[in-house]
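In the numbering used here, the protein residues as written are 10 to 757.
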């Protein structure tokens, strides 16, 4: 802790003022911050942020009840504008800055400090210790606050605090969920908060009601301690509380001089990615997403179109029967295994059923997952209401199964740029557009906030479309239009992974590495048309008129387009995208290398020269006493680590895996030409007996598919002669390999 040096910053000189820059004027009006973002008026409500009760204020208060606190919020919003590119910050960055301010003030108030200017370095050091240990959940003692409100809940507050299912009057009420406005005010929060398990038990043991199945099935895990990266970001935002207007409440000292150093030293978890999705979960999500898009979504769209034409022409008392008798609803019941009887979630008590609103959410979630893992894009670039994919943006090209669309590049470049996408991605985008167009509210006032995002969809009711909702790319069991609806349709409640859309690149890398090995991925190969390395890089990272795009243009005969050369910022951004994707693929490759080592050391049926190399390395390491004392799993990890240190990397091939080293010295690969390895020339014949090659029975299905494709291509007169000749050579070589293998297996 230390005071801010005046050479760095004069605290008496305000850094942020209203209208500090041309075109920026943040104002507070009617409970919200108002400003213009990219020329459009925007409104950010902050009147829902509460501060808890204290001895000086037993009733609690809203953040906006004090003029100085409002001034801090305005200053933080202007600071977000000042630090953004082209004075266009992400709305979430403003929300997070204000949330950190609210949380910091909340922490100080519990210690008798009601203004930032009265805080001491000891207070901020204590806050740092609590944040590093358990985040805001621990620092603000949220569990004890929830428990206190639940214990003191009176009978006249039940209708304000609890949401009940609609049941006959003479039956015992059934609690379905909480009414969050009451709990936000009573607990003293304003942002999303986890319902503690202890609070749930208190409510279930003290309330004279039954609880719905959805209430019992909902399990919320308290957030863990923040990673080093997140903690550093929070500390930086707390430091910003020294920069607000001189006449506004602010910190009088810089609490954390080196946020990144402090975070790396004190955080309980390291920085970097936290994705832990497995290959099995990836394949299951992929299969489920394709099922919803290709099997269920067409019937969902047709059902919505039928409802828009017919429903309002029927007397209201008969509209419920219309849904249960609709042919598309009946087919959806068969496809999903759940009855479709109601329109939205708040109308039904039988939670085993599905509603039309949940069908829409599941289709949107499936499309978001497909776009994420086939294109390795971030969730903001896909689903954000302002920055995500736009309607009417999909464009066809002169090549079959290749489309083009503008993705927003969220990091470094922060602008839209065209990328190539595959047929399946195009189908997912078209599905989203169909749902959006089929659920437009009847009156303009109900969809006045609708942006160009393809993830808007109205909520259908018995009386038509009455509400316009944007899909949320996260897990929120309290809302229908979230990723949780799709995930829960794929996984049973007890086995549902903690999946987030930002693992799209992780899924992409896993599928890339296992596309020839896993039979389930091979079975879905008709959907995965872009996993050759060059085209993968082009689809994911290369702009039209880039170097790789020019190569692909020549191969695919793409039109000129005339989009012009990309600028240096774009090129640097795309290089970073490629490197990030490369890191994900390298991580997935390390996992697959470990799987290969496990199969070899466990005695699985493996062919090629690489298994012999692994066994030799294992025997060499076994001469070390420390190695022999390790468990089998630890020995396998050490063997894998030794291979990685020696430069061995996995390169998936249709006929097996190539483990060619980065630098080849003594042992030469079979694909060597003029002293240099050429793994692009790999084939069944070339790799036979190579010391870097390994294959097992899982590749037999891929080899059979390759044989069929070669046989088809060698006689396809529509293909170039060079491609026909290549297919002919591959087919004949493969036949020779089969004959040779059969002769070796025949008894003498």
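For every residue, glycine included, the Cβ atom is placed at its ideal position computed from N, Cα and C. All figures in this text were calculated on a predicted structure; none of them were measured in a lab.
- Nearest in C-alpha terms to residue 59, of all of 108, 304, 508, is 108.
- Boundaries of the alpha helix (DSSP H) harbouring residue 695: 693-696, taken from the DSSP string.
- With contact defined as three or more Cβ pairs closer than 8 Å, the stretch 439-449 and the stretch 371-383 are in contact.
- Residue 76 carries a helical assignment under DSSP once its states are collapsed to helix, strand and coil.
- Looking at the DSSP output, residue 66 shares a beta bridge with 63.
- Residue 219 and residue 637 have their C-alpha atoms some 58 Å from each other.
- Taking C-beta atoms as the reference points, residue 290 and residue 494 fail to come closer than 8 Å.
- Using a 10 angstroms sphere on the CB of residue 170, the tally of other CB atoms reaches 16 or more, which defines it as buried.
- Residue burial annotation: residue 101 is exposed, with fewer than 16 other C-beta atoms found within 10 angstroms of its C-beta.
- With respect to the 8 Å criterion, residue 263 and residue 125 are not classified as neighbours on the basis of their beta carbons.
- Straight-line measurement puts the Cα of residue 49 at about 29 Å from the Cα of residue 581.
- Apart from the 5 residues on each side of it in sequence, residue 742 sits with its Cβ closer than 6 Å to the Cβ of 694 in its chain, given in chain order.
- Bounds of the beta strand (DSSP E) holding residue 413 are 411-418.
- Around the beta carbon of residue 601, 16 or more other beta carbons sit within 10 angstroms, so the residue counts as buried.
- Taking C-beta separations shorter than 6 Å and ignoring five residues to either side along the sequence, the partners of residue 404 in its chain run 413, following chain order.
- Collapsing the DSSP output to three states places residue 467 in a strand.
- In the three-state reduction of the DSSP assignment, residue 606 falls in the helix class.
- Between residue 184 and residue 162 the beta-carbon gap is near 12 Å, outside 8 Å, which marks them as no contact.
- For residue 651, the three-state secondary structure derived from DSSP is helix.
- Rounded to whole angstroms, the gap between the alpha carbons of residue 511 and residue 530 is 21 Å.
- Looking at the DSSP output, residue 660 bridges to 667.
- Closest in C-alpha terms to residue 659, from the list 594, 348, 274, comes 594.
- Under DSSP, residue 269 takes part in no beta bridge, so it has no partner.
- Beta bridge pairing from DSSP links residue 324 with no other residue.
- In terms of Cβ geometry, residue 673 and residue 686 form a close pair [threshold 8 Å].
- Runs of the beta strand (DSSP E) lying entirely within the stretch 349-401 and spanning at least 3 residues, in chain order: 349-351.
- Ranking 156, 61, 596, 432 by CA distance to the CA of residue 114 puts 61 first.
- Taking C-beta atoms under 8 Å as the contact rule, residue 208 and residue 145 fail to qualify, at a distance of about 17 Å.
- Boundaries of the beta strand (DSSP E) around residue 50: 49-54.
- Residue 476 sits in a strand when the DSSP states are folded into three classes.
- Residue 300 sits in a helix when the DSSP states are folded into three classes.
- The residue among 299, 128, 459 with its C-alpha nearest the C-alpha of residue 258 is 128.
- Distance from the Cα of residue 696 is smallest, within the candidate group 616, 591, 151, 519, for 616.
- Out of 347, 449, 391, 302, the CA that lies nearest to the CA of residue 437 is found in 302.
- With fewer than 16 other Cβ atoms from the protein chains shown falling within 10 Å of its own Cβ, residue 676 counts as exposed.
- Between residue 327 and residue 472, the alpha-carbon positions lie close to 12 Å from each other.
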